[in-house]
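As they're listed, the protein sequences go chains D and P. The numbering of the first sequence is this note's numbering, which starts it at 1 and goes up by one. The numbering of the second sequence is this note's numbering, which starts it at 83 and goes up by one.
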Amino acid sequence: AAAERASYIVHMAKTQMPPRFTEHSHWYDASLRSISDSADLLYTYDTVAHGFSALLTPAEARILARHPGVLSVLPDTPYYLH
Amino acid sequence: TTRTPEFLGLDLPAELVPESSTIADVVIGVLDTGVWPERNSFDDNGLGPVPAFWKGECVAAKDFDPTKACNRKLIGARFFSKGYESSMGPIDESHESRSPRDADGHGTHTSTTAAGSAVTNASLLGYAEGTARGMALRARISVYKVCWAGGCFSSDILAAMDAAVNDGCHVLSLSLGGGAADYYRDSVAIGAFNAMEKGVLVSCSAGNAGPGTATLSNLAPWITTVGAGTLDRDFPAYVVLGNGKNYTGVSLYSGKLLPSTPIALVYAGNATNSSNGNLCMPGTLLPEKVAGKVVLCERGINARVQKGMVVKDAGGAGMILANTATNSEELVADAHLLPATLIGEKAGNAVKAYSISDPNPTATIIFGGTKVGVSPSPVVAAFSSRGPNSVTPEILKPDLIAPGVNILAGWTGAVGPTGLPTDSRRVEFNIISGTSMSCPHVSGLAALLKEEHPDWSPAAIKSALMTTAYVKYQNGDGILDVATGQEATPFDLGAGHVDPRKAMDPGLVYDLTAQDYLEFLCALNYTSLQIAAMSKDRNFSCDSRKNYAVSKLNYPSFSVAFATAIASADESASATVTHERTVTNVGSSATYKATATAKVDGGEVKIAVEPAVLSFTETGEKKSYIVKFTAPSLPSGSSGLGRLEWSDGKHTVASAIAFTWT
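Set out below in structure tokens:
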């Protein structure tokens, strides 16, 4: 699975955070752990996006996309200098 | 930037000395390849203390001591590499460091263009000598390194935008782009949307994929998308042929000169065993055929400076590099490692014909140094990406153009001016071209407007830059497109070439809020999930009873799309498209009158503005109007242009209009 993993950006519905979480970052981490114990979290976003980026397998990304509170799961994409 | 301030009308002596005053403190965040902080362009002399609102940081790394790197000019420096390293593997620290330090040069160039301090006696190897300075001399710079040797990744860019807005940046400058994608899939568009909502203007480069149509990136309407034009400065290098004919090219070569009398010339396509040897790709030239000669190479595939290196390595004495149809007559200067010049397509064809047909062809290159006052200028660069907008054709992009050809600005100490590993020269300034270079000009100018008008929204600042841009030279002729030699259209230059002095006092602005952009997304039929992902899950949903339309977005330009009649019986039918706009008075009391013009081959477009007169009695007052565009049915693919101007006699508030038939 580690070899298969690529980075994805996961946009979350922060307003749907279950009340048992006090920090959105804990909720993001729990959401990630619910589909994989070993997936690496890269960043959490809070100012210009709500969500996180993580290394996932394509299957994990598909599962996460159906997870409560997940708005979208986008593959990390390359940009180039102009 | 030894020329652009003067070219843009910013050459006021008072501008050269930063002062602490009542002018607002503005921070420009530059997302790029990092920074070389030791450059004099980051000198903080004359600047006041770091503003109290600033929450950013200057990170420590083994080659980056924050106590020495950051100061009152460079107030932040961070790096973001987790996404890059996940995709591309660990950073090769023998070539670049895991730190904000710029191993490439691009980031130092863009940040010093936006807001670098004034440095006297700046030049590249004696070329473009003068005082180099960023557009916003008093603005602070914070750099966010997101681009590495193998590219830039959206997870890192989004993390940097997150940090930059949280740090307190007022303007973000991104000289990068990806493919054209729906806005909810484009991380730069998503980050820019939420930055905009927090009052941050996001300026992005349009891309260098021109002159083909629909080649733009960074297409979201809340982004300021910047194309590139030339300056009135050139670096001529003349090709003298043995047949007595001369051609003018450009070059930044500095070193041992060729003999003044022509020496042997060979066409690279005749000095190779490779089918693409004419391109002077590595390993394709036969040394026995090029040694001691001037070699004619053709542009394409590999870097221009690399072609020079290939000629040099094969023993060539000099290089004439010729454009092909792709680049036409556009001349971009390079600091070649051997005597070399770039010539246009027409001259290239002539030199090629001579080198092939003459039994003993000869040539030499004479270098002419720096020339200013070149006319006409600006002209739209051939490489500058063009509209229409491939995601939302009803939004005209690019928004405007700014200087982006042969721009001198700060450079890294890690590589030479060509960027080639074999280039051992080190320079404080370099001259390069791209919409990457025009973008930070506009970022700096936006910062100047923010300093003067701290209460203006990002949309108001963008509107001021766009509605005061010019599309004609002083003699009344339209700005040319170097790709065609003809007058440029709104798809090439958007609202026109930026004019910062007029932008300071635009009279009226087309303002927009996040709510307006959300309604725009409703007009695009975005789902609630897509809108939520774009807007941080705000409490918003489209109202099914409301009539949303892209034509209602209060954009400072117009892109009017007519549907082509399918049935032949409808050929004589006309269609009317209505746009709605609201202008906000940012001047004193005034009465504005509308005039509109249109130019379409094959038909006449009628433009009716209602009301055609708007009177304002106080600053901040808003007035709405509608514009009806009535046009005949034209074949699909037809296009046209126009202009709507509101004038009170003192201000001219101009909107570009583009017509398309689909």
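By construction, the Cβ of each residue, glycine as well, lies at the ideal position given by its N, Cα and C atoms.
The beta-carbon separation of P:Tyr552 and P:Asp581, rounded to 5 Å, stays under the 8 Å limit for a contact. For D:Tyr28, no Cβ of chain P is located within less than 8 Å of the residue's own Cβ.
Residue-level contact by beta carbon holds for D:Ala6 and chain P, with a gap shorter than 8 Å. For P:Met170, the three-state secondary structure derived from DSSP is helix. In this structure, the beta-carbon distance from P:Pro303 to P:Ala565 does not fall below 8 Å.
Between P:Ile157 and P:Ser224, the gap from beta carbon to beta carbon is short of 8 Å.
Within the same chain, Cβ atoms closer than 8 Å to the Cβ of P:Lys618 are found at Asn276, the five residues on either side in sequence being excluded. Closest by C-alpha distance to P:Ser181, out of P:Cys229, P:Ser467, P:Ile448, is P:Cys229. Below the 7 Å Cβ cutoff, chain D contributes Tyr45, Asp46, Thr47, Val48, Ala49 as neighbours of P:Asp244, in chain order. With contacts defined by Cβ atoms closer than 8 Å, P:Val321 and P:Thr423 form a contacting pair. Under a criterion of Cβ atoms nearer than 7 Å, the residues of chain D adjacent to P:Leu258 are, in order, Tyr79, Tyr80, Leu81, His82. Closest by C-alpha distance to P:Leu207, out of P:Thr744, P:Gly233, P:Thr500, is P:Thr500. Closer than 8 Å to the CB of P:Leu240 there is at least one CB belonging to chain D. Secondary structure note for P:Ala614: its alpha helix (DSSP H) is the uninterrupted segment 610-616.
Residue contact check for P:Arg267 against chain D: a CB pair falls below 8 Å.
Counting every other CB atom within 10 Å of its CB across the protein chains shown gives P:Leu339 a total below 16, marking it as exposed. Within the DSSP secondary-structure output, D:Ile63 pairs in no beta bridge. Within chain D, the C-beta atoms nearer than 8 Å to that of P:His188 come from Leu81, in chain order. Look at P:Ala614: its C-beta is under 8 Å from a C-beta on chain D.
By alpha-carbon distance to P:Ser285, the top candidate from P:Ala350, P:Leu301, P:Ser697 is P:Leu301. In this structure the region 455-463 of chain P lies against the region 567-583 of chain P, because at least three pairs of beta carbons, one per stretch, are closer than 8 Å. Look at the region 517-553 of chain P and you find these whole runs of alpha helix (DSSP H), each 4 residues long or longer: 517-534, 540-549. Here P:Gln612 is buried, its C-beta having at least 16 other C-beta atoms within 10 Å. Using a CB distance cut-off of 8 Å, D:Leu64 does not count as an interface residue toward chain P.
Across the region 458-492 of chain P, no CB contact with chain D closer than 8 Å is found for any residue.
With the criterion set as a beta carbon lying under 7 Å from some beta carbon of chain D, the members of the region 272-297 of chain P are Ile272, Gly273, Asn276, Ala277, Ser287, Gly289, Asn290, in sequence order. Residue-level contact check: D:Ala61 does not touch chain P, since none of the beta carbons of chain P fall below 8 Å from its beta carbon. For P:Phe146, the secondary structure class from DSSP, reduced to helix, strand or coil, is strand.
At a cut-off of 8 Å between beta carbons, D:Ile9 contacts chain P. Residues of chain P whose Cβ lies closer than 7 Å to the Cβ of D:Ser53 are, in chain order, Gly165, Ser237. Residues are counted here when their Cβ sits less than 7 Å from a Cβ of chain D; for the region 592-623 of chain P these are Leu611, Ala614, Ala615, Lys618, Asp619, given in chain order. Distance from P:Ala672 to P:Val691 at the Cβ level is roughly 17 Å; contact not present, criterion being Cβ atoms closer than 8 Å. Looking at P:Gly216, P:Asp249, P:Ala210, P:Ala214, the one whose alpha-carbon comes closest to that of P:Tyr226 is P:Asp249.
D:Met17 and P:Cys521 have their C-alpha atoms roughly 39 Å apart.
Counting other Cβ atoms within 10 Å of its Cβ, P:Thr701 stays below 16 and is therefore classed as exposed. D:Leu42 and P:Gly187 do not touch by the CB rule: their CB atoms are close to 27 Å apart, not below 8 Å.
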